[in-house]
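K.L.:
Chains as they are written, first to last, in our numbering: chain X, 1 to 100; chain P, 101 to 200; chain W, 201 to 300; chain Y, 301 to 400.
By construction, the Cβ of each residue, glycine as well, lies at the ideal position given by its N, Cα and C atoms.
Here it is: the structure, laid out below.
4 protein chains.
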Amino acid sequence: MIIMSEKVHSHQHHHHHHTKAVLNRLSRAIGHLESVKRMVEEEKDCSEVLIQLSAVIAALNNTGKVILKDHIEHCIVDAWDHGNEEAMENLHKAIDRFIK
Amino acid sequence: MIIMSEKVHSHQHHHHHHTKAVLNRLSRAIGHLESVKRMVEEEKDCSEVLIQLSAVIAALNNTGKVILKDHIEHCIVDAWDHGNEEAMENLHKAIDRFIK
Amino acid sequence: MIIMSEKVHSHQHHHHHHTKAVLNRLSRAIGHLESVKRMVEEEKDCSEVLIQLSAVIAALNNTGKVILKDHIEHCIVDAWDHGNEEAMENLHKAIDRFIK
Amino acid sequence: MIIMSEKVHSHQHHHHHHTKAVLNRLSRAIGHLESVKRMVEEEKDCSEVLIQLSAVIAALNNTGKVILKDHIEHCIVDAWDHGNEEAMENLHKAIDRFIK
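Here it is, written out as structure tokens:
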């Protein structure tokens, strides 16, 4: 269930350099996760399922890093210069949730 | 790309207690990841995308723990008692890859 | 503050193969953490402090894996064969806390 | 072994808001790690050692988040406004290493 603030955020005005790359990564991760699901359905060895699941998690972590770096470099600096403190607060929340 | 040994492994003879729960978790994670992808397509705020991506990663981590605990309790102990050292080696490899 | 059950646990009868290696790893991590602390005192660049802190965290994670694998291979299998279900429950708790 | 560039970095001119808090956290983590080491010396139950080690790792992760957020808010924005791209590159390296 996704909770999203509908509030228009100045964020929409920033071009994201890595959107295409992020979308490709997410598509690959979805495909890989579907194949992990098939492994479980076919009762493949648990160690092999865990190794493939770890690969998906690592890929999603790397995708998150691409988003975070892109966001800091393009959205945060720009928002901060326009006095938009909310963008920094939202980034802090995202860092807290993303870094375990 | 999934590399899987076709070798018949005594593993197939162990009933997995949590297969249904694991399959449900993976289906939910796939659905959630598709919605994260839509958020990126719609250029939603990066912080919100990161928060939802973190939720998917956390869910997959928890799924891995269910598999790992089930595997240790049912497969490993049984395999070890039958002198199957390969099962323990595979578990070690899986632990190395799964725990970052 | 460490909360530890004083209950005698059959665990004490299992020889740990990796105790010396684990102790060396922990000593190195303590030394490395002290040097990270000095970096902060000397106001070194935050990125460099973060990189060194990540190295300590990675080293401690690897130490945890050594303990976990040693524990599964020597304590858990033995405890399970002696009908000691508590050892498995404690392992599950440790896996839940250790894998984020 | 700590590799640190001796290059004077504009970073020294930024006051860190959380230095005292970071130093306290690191001191506590060092103390906690020393007590984990004593647990291993006293052959305490591996599951309990793992739970305490996880607590140290979690504390260090949280310390890293405090440093990262402080760095983004005070050093990066300021460095970027002064055309110091190196600070952003160093932050990217730190994010890559810190987020596993």
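Whole-angstrom Cβ separation of residue 29 of chain X and residue 66 of chain X, contact assumed at under 8 Å?
P.N.:
On the first sequence, residue 29 of chain X is found 29 positions in, with the first residue counted as 1. On the first sequence, residue 66 of chain X is found 66 positions in, with the first residue counted as 1. Wrong, their Cβ atoms sit about 12 Å apart, outside the cutoff.
K.L.:
On the CB-based measure, 16 or more other CB atoms within 10 Å of its CB, does residue 381 of chain Y come out buried or exposed?
P.N.:
For this step, residue 381 of chain Y is matched to residue 81 along the fourth sequence. The residue is exposed, with fewer than 16 neighbouring Cβ atoms inside 10 Å.
K.L.:
On a Cα-Cα basis, can you pick out the residue from P:173, P:127 and P:158 that is closest to residue 117 of chain P?
P.N.:
Numbered from its first residue, the second sequence carries residue 117 of chain P at position 17. Ranking the options by Cα distance to residue 117 of chain P, first place goes to P:173.
K.L.:
So, is the C-beta of residue 76 of chain X closer than 8 Å to a C-beta in chain Y?
P.N.:
Working through the first sequence from its first residue, we reach residue 76 of chain X at position 76. Residue 76 of chain X counts as touching chain Y.
K.L.:
Distance check for residue 41 of chain X and residue 252 of chain W, CA to CA, integer angstroms please.
P.N.:
Residue numbering aside, residue 252 of chain W sits at position 52 when the third sequence is read from its first letter. Residue numbering aside, residue 41 of chain X sits at position 41 when the first sequence is read from its first letter. Answer to the nearest angstrom: the Cα atoms are 42 Å apart.
K.L.:
For residue 268 of chain W, which residues in chain P fall below 8 Å Cβ to Cβ?
P.N.:
On the third sequence, position 68 is the one that residue 268 of chain W refers to. Within chain P, the residues near residue 268 of chain W are 195 and 199.
K.L.:
Can you give me the Cβ contacts of residue 5 of chain X inside the same chain, cut-off strictly under 8 Å, excluding the 5 residues immediately before and after it?
P.N.:
Along the first sequence, one-based indexing puts residue 5 of chain X at 5. Confidence at residue 5 of chain X is low in this model, with a pLDDT of 41, below 50, so its placement is unreliable and the value that follows should be read with caution. Excluding sequence neighbours, residue 5 of chain X sits near nothing in its chain.
K.L.:
To which residues of the same chain is residue 76 of chain X closer than 8 Å at the C-beta, ignoring the five residues directly before and after it?
P.N.:
As a first step, residue 76 of chain X must be located in the first sequence, where it is residue number 76. 87, 88 and 91.
K.L.:
Go ahead and label residue 48 of chain X buried or exposed: buried means 16 or more other beta carbons lie within 10 angstroms of its beta carbon, across all protein chains shown.
P.N.:
Locating residue 48 of chain X in the first sequence gives position 48, counting from the first residue. Buried.
K.L.:
Along the segment 40-57 of chain X, where does the CB come closer than 9 Å to a CB of chain A? Name the residues.
P.N.:
No chain A is part of this structure, whose protein chains are labelled X, P, W and Y.
K.L.:
Pick out whichever of W:299, W:284, W:244 and W:255 has its Cα sitting closest to the Cα of residue 398 of chain Y.
P.N.:
Indexing the fourth sequence from 1 puts residue 398 of chain Y at position 98. Comparing Cα positions, the closest option is W:255.
K.L.:
Could you tell me the alpha carbon to alpha carbon distance between residue 383 of chain Y and residue 357 of chain Y, rounded to whole angstroms?
P.N.:
Counting from 1 along the fourth sequence, the entry for residue 383 of chain Y is found at position 83. Counting from 1 along the fourth sequence, the entry for residue 357 of chain Y is found at position 57. Their backbone Cα atoms lie some 36 Å apart in a straight line.
K.L.:
Where does the unbroken alpha helix (DSSP H) through residue 119 of chain X begin, and where does it stop?
P.N.:
Residue 119 of chain X is absent from the structure shown; chain X starts at 1 and stops at 100.
K.L.:
Going by CA-CA distance only, name the one from X:32, X:43, X:50 and X:19 that's closest to residue 139 of chain P.
P.N.:
Taking the second sequence and counting its residues from 1, one reaches residue 139 of chain P at position 39. Answer by Cα proximity: X:19.
K.L.:
What does the alpha-carbon distance come out to for the pair residue 243 of chain W and residue 237 of chain W?
P.N.:
The sequence position of residue 243 of chain W within the third sequence is 43, counting from 1. The sequence position of residue 237 of chain W within the third sequence is 37, counting from 1. Their backbone Cα atoms lie some 10 Å apart in a straight line.
K.L.:
Taking 8 Å as the CB-CB cut-off, is residue 272 of chain W touching chain P?
P.N.:
Numbered from 1 along the third sequence, position 72 holds the residue referred to as residue 272 of chain W. With 8 Å as the cut-off, residue 272 of chain W counts as an interface residue toward chain P.
K.L.:
Does the Cβ-Cβ distance between residue 233 of chain W and residue 364 of chain Y come in under 8 Å?
P.N.:
Sequence index remark: in the third sequence, residue 233 of chain W carries index 33 (1-based). Sequence index remark: in the fourth sequence, residue 364 of chain Y carries index 64 (1-based). Cβ distance not < 8 Å, so residue 233 of chain W and residue 364 of chain Y don't count as in contact.
K.L.:
What residues from chain P crowd round residue 121 of chain X, counting only those whose CB sits closer than 9 Å?
P.N.:
The displayed coordinates of chain X run from 1 to 100. Any statement about residue 121 of chain X would go beyond what the structure contains.
K.L.:
Does the distance from the CB of residue 200 of chain P to the CB of residue 400 of chain Y come in under 8 Å?
P.N.:
Looking up residue 200 of chain P in the second sequence gives position 100. Looking up residue 400 of chain Y in the fourth sequence gives position 100. For residue 200 of chain P and residue 400 of chain Y, yes; Cβs fall inside 8 Å.
K.L.:
So that I know if they touch, is there some Cβ in chain X lying closer than 8 Å to that of residue 384 of chain Y?
P.N.:
Along the fourth sequence, read from residue 1 onward, the residue named residue 384 of chain Y stands at position 84. Judged by the 8 Å Cβ criterion, residue 384 of chain Y is not in contact with chain X.
K.L.:
Going by beta carbon distance, what residues of the same chain come within less than 8 Å of residue 235 of chain W, once the five residues before and after it are set aside?
P.N.:
Start at 1 with the first residue of the third sequence, and residue 235 of chain W comes out as number 35. The residues are 252.
K.L.:
Any beta-carbon of chain W closer than 8 Å to the one on residue 362 of chain Y?
P.N.:
Here residue 362 of chain Y refers to the residue found at position 62 when the fourth sequence is read from its first residue. Answer no: the Cβ-Cβ gap between residue 362 of chain Y and chain W never drops below 8 Å.
K.L.:
Chain Y beta carbons: is any one of them nearer than 8 Å to that of residue 13 of chain X?
P.N.:
Locating residue 13 of chain X in the first sequence gives position 13, where the first residue counts as 1. Unreliable placement is indicated for residue 13 of chain X, whose pLDDT of 45 sits below 50; no coordinate value is reported for it.
K.L.:
Closer than 7 Å by beta-carbon distance: list the chain W residues that pair up with residue 165 of chain P, in chain order.
P.N.:
Your numbering for residue 165 of chain P matches position 65 in the second sequence. By Cβ distance, chain W contributes 295, 296 and 299.
K.L.:
Could you please give the first and the last residue of the uninterrupted alpha helix (DSSP H) stretch that includes residue 241 of chain W?
P.N.:
Here residue 241 of chain W corresponds to residue number 41 of the third sequence, with the count starting at 1. Element bounds for residue 241 of chain W: 219-241.
K.L.:
Using the C-alpha atoms, what's the distance from residue 271 of chain W back to residue 346 of chain Y?
P.N.:
Along the fourth sequence, read from residue 1 onward, the residue named residue 346 of chain Y stands at position 46. Along the third sequence, read from residue 1 onward, the residue named residue 271 of chain W stands at position 71. So the alpha carbons of these two residues sit roughly 6 Å apart.
K.L.:
With a cut-off of 8 Å, does the C-beta of residue 29 of chain X fall near any C-beta of chain P?
P.N.:
As a first step, residue 29 of chain X is located in the first sequence; it is residue number 29 there, counting from the start. It does: the Cβ of residue 29 of chain X has a partner Cβ on chain P nearer than 8 Å.
K.L.:
Pick helix, strand or coil for residue 76 of chain X, following the three-state DSSP scheme.
P.N.:
Indexing the first sequence from 1 puts residue 76 of chain X at position 76. The answer is helix: DSSP assigns residue 76 of chain X an H, G or I state.
K.L.:
Please compile the residues from chain P whose C-beta is within a distance smaller than 8 Å of the C-beta of residue 90 of chain X.
P.N.:
Position 90 of the first sequence holds residue 90 of chain X. Those within 8 Å of residue 90 of chain X in chain P are 145, 147 and 148.
K.L.:
Comparing C-alpha positions only, which one of W:226, W:279 and W:278 sits nearest to residue 259 of chain W?
P.N.:
Taking the first residue of the third sequence as position 1, residue 259 of chain W is located at position 59. Measuring from the Cα of residue 259 of chain W, the nearest candidate turns out to be W:226.
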